[in-house]
Amino acid sequence: MFTKMPDPARAFRRSSVLFRTALHHSGLLQIAVLALFWMLGEAVVRLAHVPLPGGIIGMAVVLALLASGWIRPIAVRRGASWLIAEMLLFFVPAVMAVLDHHEFVGLLGLKIVAVILVGTVLVMGGTALTVDLCYRWRARREARHAGA
Amino acid sequence: MPALDAVEATLFWSAVTIGCYLVARFIARRWRFWWTSPLLLTPVMVGLVAVSLNAGYAEYIRSTHWLVLMLGPATVAFAIPIYEQRAVIRRHWPVLLLGVLVGSSIAMVAAFFMASWLGLSSTVQLSLMPRSTSTPFAMAVSDDIGGLPDLTAVFVILTGVCGAALGELLLKVMPLRSSLARGALFGMGAHGAGVAKAHQIGGEEGSIAGLVMVLAGLFNVMMAPVVAFLLR
Numbered sequence: 000m001f002t003k004m005p006d007p008a009r010a011f012r013r014s015s016v017l018f019r020t021a022l023h024h025s026g027l028l029q030i031a032v033l034a035l036f037w038m039l040g041e042a043v044v045r046l047a048h049v050p051l052p053g054g055i056i057g058m059a060v061v062l063a064l065l066a067s068g069w070i071r072p073i074a075v076r077r078g079a080s081w082l083i084a085e086m087l088l089f090f091v092p093a094v095m096a097v098l099d100h101h102e103f104v105g106l107l108g109l110k111i112v113a114v115i116l117v118g119t120v121l122v123m124g125g126t127a128l129t130v131d132l133c134y135r136w137r138a139r140r141e142a143r144h145a146g147a
Numbered sequence: 000m001p002a003l004d005a006v007e008a009t010l011f012w013s014a015v016t017i018g019c020y021l022v023a024r025f026i027a028r029r030w031r032f033w034w035t036s037p038l039l040l041t042p043v044m045v046g047l048v049a050v051s052l053n054a055g056y057a058e059y060i061r062s063t064h065w066l067v068l069m070l071g072p073a074t075v076a077f078a079i080p081i082y083e084q085r086a087v088i089r090r091h092w093p094v095l096l097l098g099v100l101v102g103s104s105i106a107m108v109a110a111f112f113m114a115s116w117l118g119l120s121s122t123v124q125l126s127l128m129p130r131s132t133s134t135p136f137a138m139a140v141s142d143d144i145g146g147l148p149d150l151t152a153v154f155v156i157l158t159g160v161c162g163a164a165l166g167e168l169l170l171k172v173m174p175l176r177s178s179l180a181r182g183a184l185f186g187m188g189a190h191g192a193g194v195a196k197a198h199q200i201g202g203e204e205g206s207i208a209g210l211v212m213v214l215a216g217l218f219n220v221m222m223a224p225v226v227a228f229l230l231r
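Below, the structure written as structure tokens:
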């Protein structure tokens with residue numbers, strides 16, 4: 000505790016401890032940290048011309064840091080939960096922008112909505128059935144192997 | 000309505016949007032029906048305010064664009080639930096990958112044939128095909144296969160609005176035993192809007208949906224050149 004340490008090192012350690020304490024207590028700060036990783040992702044996309052969204056790059060970086068133990072999930076969990084829970088809010092202006100497309104009013108709009116509705120039901124049903132059947136098949140096989 | 004400067008407009012329209020969202024969220028928690036989704040109710044309420052104030056969409060979108068940008072940090076936030084469910088994911092990734100493969104194929108094929116059957120123009124048809132993935136992915140794929148990225152962005156949002164509501168209805172009629180299938184349904188069918196819905200159903204469903212959404216996006220971007228080749 001009282002060992003002699005050069006001042007800058009001590010100041011750095013103190014500030015990093017302070018930052019960590021603040022991070023664990025403030026959801027807002029956690030959101031800011033997540034936003035920083037998103038900006039990092041956007042910068043990578045711009046500079047390296049990667050054909051991926053910046054958010055996905057940021058997510059990959061955070062996943063790598065979590066897996067290697069550099070970040071503990073608890074440090075950003077509250078901010079992350081908040082962002083995900085209120086995600087529908089972020090879609091609202093995008094939905095409003097859709098309403099500005101008057102060219103889809105009428106028969107064309109109805110046809111497009113029909114394609115989207117039927118298509119989405121097929122995609123959801125097909126995906127869920129595939130995953131559920133595979134899951135049951137694997138579970139049955141494992142049960143049989145365990146029983147034998 | 001008196002002319003507002005940029006800062007005032009941003010504050011005003013952001014407050015209106017967030018206020019309407021909070022009311023819609025309250026209604027959705029009180030009465031749980033597919034049509035009480037905040038994704039349907041909030042735009043209706045904001046629209047009523049905008050119409051009653053005689054305000055244009057351009058000003059509204061400019062003032063609330065920062066909210067759409069928050070989808071970026073929200074995507075980064077998926078890392079935490081995905082990491083926390085890593086045991087489930089490590090165990091079941093082949094099943095999830097198969098689900099993404101089947102779902103993406105159905106999405107493209109169904110849009111292609113239904114659009115040609117209904118006599119939609121080929122531009123609309125090609126723009127409809129990648130709509131099940133999240134916006135940035137879908138726009139990239141649309142560009143690759145010869146659609147209009149802007150048009151695709153519109154279809155993606157419509158898919159999210161419809162999908163979040165349809166998913167809840169489908170869950171009631173489909174006998175799905177695993178949270179894996181419930182999560183995949185939302186992540187594959189309704190991208191980010193579906194993931195948000197899945198998180199309301201359960202933590203495991205939400206993480207699976209988030210992962211499936213990301214996988215679907217990556218898979219579609221990788222498959223776009225193949226689809227473009229097949230369409231020629």
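If you read the sequences in order, they're chains D and R. Here numbering that gives the first Met the number 0 is used: the first residue of the first sequence is 0, the next is one more, and so on. Here numbering that gives the first Met the number 0 is used: the first residue of the second sequence is 0, the next is one more, and so on. Quick reminder that beta carbons are idealized off the backbone N, C-alpha and C, glycines included.
The C-beta separation of D:Gly57 from D:Leu39 comes to about 6 Å, placing the pair in contact by the 8 Å criterion.
The residues Tyr59, in chain order, have a CB closer than 7 Å to that of R:Ala49 in the same chain once the five nearest residues on each side in sequence are set aside. D:His100 belongs to the set of residues whose beta carbon lies under 8 Å from a beta carbon in chain R. Membership of R:Met44 in the alpha helix (DSSP H) is indicated by the continuous run Pro37 to Ser51. The contact set of R:Arg176 on chain D, defined by CB atoms closer than 8 Å, consists of Asp131, Tyr134 and Arg135 in chain order.
Using a Cβ-Cβ cut-off of 8 Å, D:Arg45 does not count as an interface residue toward chain R, since no Cβ of chain R sits closer than that to its own. Closest in alpha carbon position to R:Pro42, among D:Ala10, D:Phe11, D:Pro92 and D:Val112, is D:Pro92.
The alpha-carbon of R:Ser115 is positioned some 20 Å away from that of R:Asp143. Not one beta carbon of chain R lies nearer than 8 Å to the beta carbon of D:Ala145. Within 10 angstroms of the beta-carbon of R:Trp33 lie fewer than 16 other beta-carbons, which makes it exposed. Here the alpha carbon of D:Leu88 sits roughly 8 Å from the alpha carbon of R:Leu66.
Residues of chain D with a Cβ closer than 9 Å to the Cβ of R:Leu165 are, in chain order, Leu116, Thr119, Val120 and Met123.
Shown here, R:Met69 sits in coil according to DSSP, grouped into three states, outside any helix or strand.
Using a Cβ-Cβ cut-off of 8 Å, R:Ala73 counts as an interface residue toward chain D, since at least one Cβ of chain D sits closer than that to its own. Using a Cβ-Cβ cut-off of 8 Å, R:Thr122 does not count as an interface residue toward chain D, since no Cβ of chain D sits closer than that to its own. For R:Phe77, the secondary structure class from DSSP, reduced to helix, strand or coil, is coil. At the C-beta level, R:Val226 and R:Met107 come within 8 Å of one another. Contact with chain D is found for R:Val67, since one of that chain's Cβ atoms lies less than 8 Å from the residue's Cβ. Rounded to whole angstroms, the gap between the alpha carbons of R:Leu229 and D:Ala34 is 39 Å.
Interface annotation for the region 74–89 of chain D against chain R: Val75, Arg76, Gly78, Ala79, Ser80, Trp81, Leu82, Ile83, Ala84, Glu85, Met86, Leu87, Leu88 and Phe89, criterion Cβ-Cβ distance under 9 Å.
Taking R:Val155 as the centre and dropping the five residues before and after it, the same chain places the C-beta of Arg130, Thr134 and Ala137 closer than 6 Å to its C-beta, in chain order.
Only residues of its own chain outside the window of five on either side were considered, and among them Leu125 and Ser126 have a CB closer than 6 Å to the CB of R:Gly146, listed in chain order. For D:Ala66, the three-state secondary structure derived from DSSP is helix. In this structure, D:Trp37 lies near R:Val75, with their beta-carbon atoms less than 8 Å apart. Annotation: R:Gly159 to D:Ser14 spans about 43 Å, alpha carbon to alpha carbon. Assignment of D:His48 by DSSP, reduced to helix, strand and coil, places it in the coil class. The beta-carbon separation of D:Cys133 and R:Val94, rounded to 4 Å, stays under the 8 Å limit for a contact.
At least 8 Å separates the beta-carbon of R:Val99 from that of R:Leu170. DSSP, reduced to helix, strand and coil, places D:His100 outside both helices and strands of the structure shown, so it counts as coil. Listed in chain order, the non-local C-beta contacts of D:Ile70 below 6 Å within the same chain comprise Leu64, local neighbours out to five positions each way being set aside. Cβ-Cβ distances below 7 Å link R:Pro80 to Gly202, Gly205, Ser206 and Gly209 in the same chain, with the five nearest sequence neighbours on each side left out; the list follows chain order. In the assembly as shown, D:Arg77 is a buried residue. Its beta-carbon has 16 or more other beta-carbons within 10 Å. Counting C-beta atoms within 10 angstroms of its own C-beta, R:Gly166 has 16 or more neighbours from the protein chains shown and is therefore classed as buried.
In the structure shown, R:Met187 falls within a helical segment according to DSSP collapsed to helix, strand and coil. R:Met187 sits close to R:Gly102, with the two beta carbons spaced by under 8 Å. Under a criterion of Cβ atoms nearer than 9 Å, the residues of chain R adjacent to D:Phe36 are, in order, Pro72, Val75 and Ala78.
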